[in-house]
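In our numbering, the protein residues as written are 1263 to 1351.
To keep things clear, I will list the structure first and then write my remarks on it.
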Amino acid sequence: MTKENAAIALELDGVSDEALAELTRRVQDIDNSYRSVAEKMGQLYMCADENKVTSLTRGLDKPMRNASDNEQAFAAILEQLRQHASQRK
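Below you can see the structure in the form of structure tokens.
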């Protein structure tokens, strides 16, 4: 467990079940949005690639990586919140 994850876990010990559920719900919402954006960017990338719009595909490389990285970060946070909630039960 990273220092950041340990700090989050320690702080989560101090929040109510309702607050934990609300945090989880909000992170889930953001995670869903990032997943949707990453999927749409992938579709745009494939369309640009199929149509040989190389400048656009090159321009999309970094935003696609960022969207993917962000989605993975929120998925990890969501998993940590869920694990914390399940340990309380």
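For glycine and all other residues, C-beta sits at the position ideal for the given N, C-alpha and C.
Computed from a predicted structure; not experimentally measured.
When the five nearest sequence neighbours on each side are left out, the beta carbons in the same chain lying within less than 8 angstroms of the beta carbon of residue 1319 are those of 1307, 1310 and 1311, in order along the chain. For residue 1300, the CB contacts under 7 angstroms within the same chain, skipping 5 residues up- and downstream, are 1329, 1330 and 1333 in chain order. For residue 1295, the uninterrupted alpha helix (DSSP H) segment begins and ends at 1279 to 1312. By the neighbour-count definition (other C-beta atoms within 10 Å, threshold 16), residue 1279 is an exposed residue. Residue 1324 has its alpha-carbon roughly 13 angstroms from the corresponding atom of residue 1317.
Shown here, residue 1351 sits in coil according to DSSP, grouped into three states, outside any helix or strand.
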